[in-house]
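One structure is given below, encoded as structure tokens.
Residue numbers (the numbering used here): 9 to 145.
Next comes the structure, spelled out in structure tokens:
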């Protein structure tokens, strides 16, 4: 299995992690919503917990090697609500990942089911190199 940074490259986070020798979670403090990064034999999978978000409020954008997940909350629905206490807040967010050269950008798929956004980034299939034996004449 390849290293996670062959498909999902975040050099600033890796440098911070190696330099500070801190906990891995410390590298992701800036995130707005929790997410998982899962590596399988064939793909990298990103899972975002986005309870309360509508599919129409989310956008996945691929530009060059930058994969961005954008959440734009529409406040209209709550404009006339008088909250006595509000602890649950939906904030607009953008989370971006620089994809490495093993990512098959043309085959990225996503689904949004029950508040869980799943983005599957397949690996580019490695070419099987054939070896020819040349006889000595």
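Built from N, CA and C at the ideal position, the CB exists for glycine as well.
Touching or not, the region 39-53 and the region 121-132, by the rule of three or more beta carbon pairs under 8 Å?
-> Yes: the two stretches touch, three or more of their Cβ pairs being nearer than 8 Å.
Cα-Cα separation between residue 29 and residue 105, rounded to whole angstroms | Only weak support exists for where residue 29 lies, its pLDDT of 40 falling under 50; the value from the coordinates is given anyway. Cα to Cα, residue 29 sits roughly 22 Å from residue 105.
Determine, using beta carbons only, whether residue 60 and residue 123 come nearer to each other than 8 Å.
-> yes
Give the single residue among 65, 90, 41 whose Cα lies nearest to the Cα of residue 54.
-> 41
Identify the residues that DSSP records as bridge partners of residue 45: which are they?
-> Beta-bridge pairing links residue 45 to 54.
Enumerate in chain order the residues of its own chain whose CB-to-CB distance from residue 38 is below 8 Å, with the five nearest sequence positions on each side excluded.
-> At residue 38 the pLDDT is 49, less than 50, meaning the model places this residue with poor confidence; the figure from the coordinates comes in the next sentence. Result list for residue 38: empty, nothing under 8 Å.
Residue 60, enclosing beta strand (DSSP E) - first and last residue | Where residue 60 is concerned, there is no enclosing beta strand (DSSP E), given that its DSSP letter is neither H nor E.
Considering only C-alpha positions, which residue in the set 127, 121, 65 is nearest to residue 78?
-> Here the closest residue by C-alpha is 65.
Beta strand (DSSP E) segment containing residue 105, residue limits = Residue 105 -> beta strand (DSSP E) spans 101-107.
Excluding five sequence neighbours on each side, which residues of the same chain lie with their C-beta closer than 8 Å to the C-beta of residue 119?
-> Correct list, in chain order: 125, 126.
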